[in-house]
């Protein structure tokens, strides 16, 4: 048995607050009868309908998280606070994991899901899904940096990067678009130019753009339009 609002939220289609609003509005039926109590206990086998449509029992979940610095992109890390620790209780035991990683000190957009096949497609090297970061460096960025990124940098250990786009925003800040995900890539690229990263934030992952209405550490389910755009990607 579990709370009705928790069962709705676990589908990933609604937040806990939105689920309670649906229930109070009489739009939810359990075992064929309307239920207006968010705290009502529902058997896992009981059919639940919202606006006449049955909710799936184990629907994939897709969440957008505004990752703060100091949190690791992992499901479990001894002695560390993980991105799963930021979520509501209803999302703790449904197999969510981050689709890709951000460094502990990097902020920004992170997709959390339990849809393994989708995550695999998004992260596959041949997919070349764009990842856009806002970066601030110690030093002055210039057109030589733009050209170096566009031509594909060779890092200090000989690693060759795919061509990237560096859009200068100020003398020490830029947007950088990568089409791959090498280890500490932005930091290593900037370090190779003698301009170490002072601040890094991912603002786009594929078709998803960070919802700036989310404070650091906040999250929300993807909208239907966002989900469809990710499937297309």
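Residue numbers (our numbering): 141 to 373.
Note that beta-carbon positions come from the ideal geometry of N, C-alpha and C, so glycine has one too.
According to DSSP, residue pairing for residue 253 in a beta bridge involves 202 and 237.
DSSP places residue 316 in the uninterrupted beta strand (DSSP E) bounded by 313 to 318. If you check the CB distance, residue 248 and residue 343 come in under 7 Å.
Straight-line spacing of the CA atoms in residue 142 and residue 207 works out to 29 Å. Note on geometry: alpha-carbon atoms of residue 166 and residue 236 lie some 30 Å from one another. Annotated as proximal: residue 360 and residue 204, with beta-carbon spacing under 7 Å. Where residue 306 is concerned, the enclosing beta strand (DSSP E) starts and stops at 305 to 308. In the three-state reduction of the DSSP assignment, residue 323 falls in the coil class, being assigned neither a helical nor a strand state.
Counting only residues of its own chain and dropping the five nearest sequence neighbours on each side, residue 252 has a CB closer than 6 Å to the CB of 203, 205, 236 and 238.
By alpha-carbon distance to residue 301, the top candidate from 310, 312 and 289 is 289. Around the beta carbon of residue 213, a 10 Å sphere encloses 16 or more other beta carbons of the protein chains shown; the residue is thus reported as buried.
Below 8 Å, enough C-beta pairs join the segment 327 to 339 and the segment 281 to 288 to call them touching: three or more.
Distances from the CA of residue 258 to each of 368, 146, 176 and 219 were compared; the closest alpha carbon is that of 368. Within the DSSP secondary-structure output, residue 174 pairs in a beta bridge with 169. Positions of the beta strand (DSSP E) runs, each at least 3 residues long and wholly inside the segment 244 to 289, are given as 247 to 253 and 271 to 277 in order along the chain.
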